[in-house]
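Asker: Have a look at this one.
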Amino acid sequence: MSKLSNINGTNILFFFTIIFFMMSFHQKMNASTKVDIESETAILIDGTTNEILWEKDSEKKMYPASVTKMITAIVAIEEGNLHDVVTTSEDVMDVIGTRVYLLPGEEVSMLKLIQGLMINSGNDAGLAIAEHMDGSEEAFAKRMNRFVREEIGVTNSNFTNPHGLFDEEHYTTAHDLALITQYAMENDTFREIVQTKEMEWIGEGWETTIYNHNRMLWEYEGVTGVKNGFVQRSGFTLSTAVERDDTELIAVTLNAPTSQASYHDMKMLFDYGFDTYKTHTLSEEKQFQDETGQKYELLSDISFVTKQEERIEYEVTSKGMLQVRGEGGRLIKEVQLEPHHKETKVVPLVEQPTEQGFIQWLLQFFPLFVNKLPN
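Each residue of the sequence shown is one higher than the one before, counting from 3 in the numbering used here.
In structure tokens:
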């Protein structure tokens with residue numbers, strides 16, 4: 003009997019020793035996600051709610067380089083005609099930097115120009131789009147500025163060209179670019195183009211396979227786009243969207259000292275974001291009830307962000323106001339509900355974390371471990 007007790011005690015002690023070391027390892031891994039980047043400015047936002055999850059000088063005026071092309075592309079998609087046949091001007095020969103080698107008088111569809119702009123970062127494609135839509139780069143830049151102000155709501159940016167070649171008056175902020183990215187990624191055509199890894203390019207002056215310049219598409223799980231850039235005065239710039247499960251995050255880094263630093267910073271931001279946060283969405287058919295039993299429903303879908311394992315509570319006030327609260331009673335979201343009389347499933351007032359905590363996950367194996375002991 004004493005021998006069996008000694009075996010049980012030894013094995014139980016061994017089990018909890020394993021727990022201790024795994025806890026230490028888990029904590030070290032969490033600590034490794036601390037964000038310490040080289041880029042001059044940066045931001046990480048939730049792609050559904052636009053909530054800022056992390057930022058570094060995100061309102062500072064910066065030069066975006068080729069990340070500018072996101073605006074050119076979404077303007078062309080939403081205000082142009084993808085089926086238009088664009089005839090290029092003599093000016094395409096004078097564009098410097100990365101190109102798709104358009105020739106004067108070449109006829110190219112608007113869609114193909116946008117693909118060349120975003121996949122191969124073709125500056126000449128940006129010029130051709132601008133001249134086709136508004137006659138000149140200058141006129142198109144005015145359209146770009148109007149678009150980002152009126153359609154997206156950003157106010158700290160000014161663009162003077164469609165490709166991002168350096169100009170003192172061509173500037174933006176990390177926060178503005180994140181909002182622009184979020185807006186553009188809601189467009190299915192834009193989204194499809196920016197996640198294209200390669201494409202056969204057949205033009206009058208160039209026939210080749212073009213490859214997306216954004217290395218994040220190959221190097222990080224769940225990347226859905228969007229654009230990298232570089233000119234000497236801008237440093238290395240990058241905007242990226244990543245989707246995992248029900249969460250999409252968007253990050254922007256500006257003026258990294260090297261290309262390697264730019265991508266390293268971006269991966270660090272997403273590691274931190276997905277380790278720490280989770281997006282929740284409640285659909286409009288969800289139903290709640292107050293303490294009197296009165297049932298309510300949402301007028302539209304709502305989304306909010308919590309920590310990964312945060313416990314959520316829903317409270318309905320006497321006036322039909324839904325309050326979403328996190329740990330410690332923290333108010334996360336407040337929205338007016340509509341009285342409802344149909345019988346549908348009622349959302350529980352307390353929502354447990356959808357992912358187990360580390361210790362809870364580990365302890366679930368304890369009974370199995372004990373059952374394996376000799377008897």
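Just so it is clear, CB atoms sit at the ideal spot from N, CA and C, and this is done for glycine as well.
#1: Name the one or two DSSP bridge partners that L46 has.
#2: Go through its chain and collect everything with a Cβ distance to A67's Cβ below 7 Å, but skip five positions before and after it.
#3: Could you tell me whether the Cβ atoms of G124 and R101 are closer together than 8 Å?
#4: Any chance the stretch 146-162 sits against the stretch 175-185, with 3 or more Cβ pairs inside 8 Å?
#5: Does DSSP put W203 in a helix, a strand or coil?
#6: Using a Cβ-Cβ cutoff of less than 7 Å, which residues in the same chain neighbour I20 once the five nearest sequence positions on both sides are dropped?
#7: Between which two residues does the beta strand (DSSP E) containing G227 stretch?
#8: For my contact list, A78 and I116 are in at a C-beta cut-off of 8 Å; report their separation, rounded to the angstrom.
#9: With a threshold of 7 Å on Cβ separation, who are the neighbours of T260 within its own chain once the five nearest residues in sequence on each side are excluded?
#10: Are V97 and D126 closer than 8 Å when you measure CB to CB?
#11: Suppose the cutoff is 8 Å on Cβ atoms and the five residues either side in sequence are ignored; what does the same chain contact list for W220 look like?
#12: Going by DSSP, name the residue or residues bridged to T210.
#13: Please state whether DSSP places L333 in a helix, a strand or coil.
#14: Taking just the CA atoms, how far does F272 sit from A263?
#15: Around the C-beta of I2, are 16 or more other C-beta atoms found within 10 angstroms, so that it is buried, or is it exposed?
#16: Is it the case that the Cβ atoms of I304 and L284 are separated by a distance below 8 Å?
#17: Measuring alpha carbon to alpha carbon, tell me which of H282, S241 and G295 ends up nearest M218.
Answerer: Quick look at the numbers:
#1: According to DSSP, L46 bridges with W56 and A253.
#2: When the five nearest sequence neighbours on each side are left out, the beta carbons in the same chain lying within less than 7 Å of the beta carbon of A67 are those of G166, G231, F232, V233, S236 and T239, in order along the chain.
#3: Their beta carbons are under 8 Å apart, which means G124 touches R101 by this criterion.
#4: Note that the stretch 146-162 touches the stretch 175-185; at least 3 beta-carbon pairs, one per stretch, sit closer than 8 Å.
#5: DSSP places W203 in strand when its eight states are reduced to three.
#6: Low confidence applies here, because I20 scores a pLDDT of 49, under 50, leaving its location unreliable and the question unanswered by this model.
#7: Counting along the chain, the unbroken beta strand (DSSP E) around G227 starts and ends at V225 to V233.
#8: Sure, about 6 Å apart at Cβ, within 8 Å.
#9: Excluding residues up to 5 positions away in sequence, F238 lie with their Cβ nearer than 7 Å to the Cβ of T260 in the same chain.
#10: Going by beta carbons, V97 and D126 fall inside the 8 Å limit.
#11: These residues qualify, in order along the chain: K199.
#12: Under DSSP, T210 shares a beta bridge with W203.
#13: Look at L333 here: in three-state DSSP terms it is strand.
#14: Each residue's alpha carbon lies about 14 Å from the other.
#15: For residue 2 there is no data in the structure shown, the boundaries of the chain being 3 and 377.
#16: A contact, by the Cβ cut-off of 8 Å.
#17: Comparing Cα-Cα distances from M218 to each of H282, S241 and G295, the minimum goes to S241.
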